[in-house]
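In full-length UniProt numbering, the protein residues as written are 1 to 134.
Step one of this worksheet: look at the structure below.
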Amino acid sequence: MIQLAIESEEDIIVAASFGRSLAREMGFSVVDQTKITVSISELTRNVINYGIRGYIQFKKSERCLEIRVQDEGPGIQNIKEAMQDGMTTGNGLGLGLSGTKRLMDEFHIESKVGVGTCIIIRKWLPDQDDNQDG
Numbered sequence: 001m002i003q004l005a006i007e008s009e010e011d012i013i014v015a016a017s018f019g020r021s022l023a024r025e026m027g028f029s030v031v032d033q034t035k036i037t038v039s040i041s042e043l044t045r046n047v048i049n050y051g052i053r054g055y056i057q058f059k060k061s062e063r064c065l066e067i068r069v070q071d072e073g074p075g076i077q078n079i080k081e082a083m084q085d086g087m088t089t090g091n092g093l094g095l096g097l098s099g100t101k102r103l104m105d106e107f108h109i110e111s112k113v114g115v116g117t118c119i120i121i122r123k124w125l126p127d128q129d130d131n132q133d134g
């Protein structure tokens with residue numbers, strides 16, 4: 001497992017680039033590499049915009065890339081509401097969380113008001129059979 005601190009705008013770029021490199025190394029398609037990179041950018045930007053500071057962890061297995069983003073922010077009072085398209089407490093479009101959920105294969109969020117938020121996302125490599133004509 002690899003962990004990177006998220007404390008500045010530069011850390012967003014470093015994390016997204018690192019995630020893309022891992023995805024490429026694992027054999028993800030260019031489309032999936034892009035989905036992973038966008039998801040990392042969205043979640044780490046949320047750390048900077050709302051969470052003060054946090055970290056991102058990358059864990060790879062044979063067929064899965066798992067990414068965990070945790071912050072030390074105010075937490076999310078209403079997760080269901082925060083997951084709706086267009087919901088934002090800042091200046092963004094409100095598509096970060098809901099968009100990330102659509103881009104990734106798995107999405108899990110936990111948040112505690114006054115403590116922070118933890119989001120775990122996963123992208124699975126397709127089965128080899130999925131890439132072959134039958």
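Note that the Cβ used here is the ideal one computed from N, Cα and C, for glycine as well.
Have a look at the options and flag the residue whose alpha-carbon is nearest the alpha-carbon of residue i.
{"i": "residue 111", "options": "79, 99, 21", "result": "79"}
{"i": "residue 54", "options": "125, 4, 65, 64", "result": "4"}
{"i": "residue 71", "options": "48, 108, 62, 77", "result": "48"}
{"i": "residue 23", "options": "116, 2, 64", "result": "64"}
{"i": "residue 17", "options": "1, 58, 52", "result": "58"}
Could you tell me the distance, in whole angstroms, from the CA atom of residue i to the CA atom of residue j?
{"i": "residue 69", "j": "residue 29", "result": "23 angstroms"}
{"i": "residue 50", "j": "residue 98", "result": "16 angstroms"}
{"i": "residue 7", "j": "residue 45", "result": "10 angstroms"}
{"i": "residue 96", "j": "residue 84", "result": "10 angstroms"}
{"i": "residue 20", "j": "residue 113", "result": "31 angstroms"}
{"i": "residue 25", "j": "residue 106", "result": "20 angstroms"}
{"i": "residue 33", "j": "residue 119", "result": "19 angstroms"}
Looking only at its chain, what residues have a beta carbon closer than 7 angstroms to the beta carbon of residue i, apart from the 5 residues adjacent to it on each side?
{"i": "residue 38", "result": "103"}
{"i": "residue 100", "result": "39, 42, 43, 107, 121"}
{"i": "residue 27", "result": "125"}
So what's residue i in DSSP terms, helix, strand or just coil?
{"i": "residue 40", "result": "helix"}
{"i": "residue 73", "result": "coil"}
{"i": "residue 99", "result": "helix"}
{"i": "residue 28", "result": "coil"}
Have a look at the DSSP bridge pairing and note the partners of residue i.
{"i": "residue 82", "result": "Bridge partners of residue 82: none, in fact."}
{"i": "residue 112", "result": "116"}
Is any heavy atom of the ligand GDP found at a distance shorter than 7 angstroms from the C-beta of residue i?
{"i": "residue 2", "result": "With respect to small molecules bound, the structure shown includes none, and the ligand GDP cannot be examined in it."}
By Cβ distance below 6 angstroms, which residues in the same chain neighbour residue i in space, the five residues on each side in sequence not counted?
{"i": "residue 36", "result": "19, 23, 123"}
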